[in-house]
Amino acid sequence: MFSRGEEATTVGQLDPHLPEDRPAVGLPQRLGHLQDLLIRGLAKSPSARAQEVAFQLAQNWIRTNCDIYSKKSAKYEKYDVSNGGHPGGGGEYEVQEGFGWTNGVVLMLLDRYGDRLSSGTHTAFLEPHCLAAALLLTLLLSLLPQ
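FYI, full-length UniProt numbering numbers position 9 of the sequence shown as 9, with every residue one higher than the one before it.
Encoded structure:
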């Protein structure tokens with residue numbers, strides 16, 4: 001795990017796993033719910049630097065998801081962030097497509113940072129799949145009691 005934000009953002013995502021963790025969830029694998037915990041924790045910090053690292057991690061997660069979605073037309077349970085990123089592997093079963101926590105984390109990040117995020121050369125909301133996700137999130141939020 002990185003101790004300084006500068007190192008973390010150069011890799012793309014922080015590694016929340018201890019060295020003795022199984023390879024199915026350790027480096028270079030990234031799982032959405034663990035990225036979510038790191039991003040939320042940093043975002044709540046009073047430190048402007050920690051908040052910026054949270055945004056950079058969110059940006060990297062969105063780009064990873066958008067890049068892989070544009071190549072594979074699917075989102076996955078976990079991602080291997082080495083060599084430009086691709087669906088993760090290892091573990092007890094084949095990597096899962098359309099995994100709930102991956103979708104949920106993307107929606108949460110679009111809600112929190114959507115006005116600042118980009119998927120690379122375009123703003124995230126201009127990508128068709130990101131636009132659809134944002135519209136779905138808006139619809140779901142409108143159904144919640146006020």
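Even glycine gets a Cβ: it sits at the ideal position worked out from N, Cα and C.
Could you please give the first and the last residue of the uninterrupted beta strand (DSSP E) stretch that includes residue i?
i	result
R30	29-31
According to the neighbour-count rule (16 or more other Cβ atoms, all chains shown, within 10 Å of its Cβ), is residue i buried or exposed?
i	result
E77	buried
K75	buried
A48	exposed
R40	exposed
R30	buried
G98	exposed
Roughly how many whole angstroms lie between the Cα atoms of residue i and residue j?
i	j	result
F55	Y93	32 Å
L143	E52	31 Å
W101	P87	15 Å
Q35	Q59	11 Å
R112	T64	17 Å
In the DSSP output, which residue or residues are listed as bridge partners for residue i?
i	result
E97	Y76
Among the residues of its own chain, which have a CB less than 6 Å from the CB of residue i, if the five just before and after it don't count?
i	result
L42	A50, V53, A54
G89	V95
S70	none
The ligand PLP and residue i: does the residue's C-beta get closer than 7 Å to at least one heavy atom of that ligand?
i	result
Y93	In the structure on display, the ligand PLP does not appear, and there are no ligands present to speak of.
Which same chain residues, not among the five before or five after residue i, have their C-beta less than 8 Å away from its C-beta?
i	result
V105	G32, H33, Q35, D36, W61
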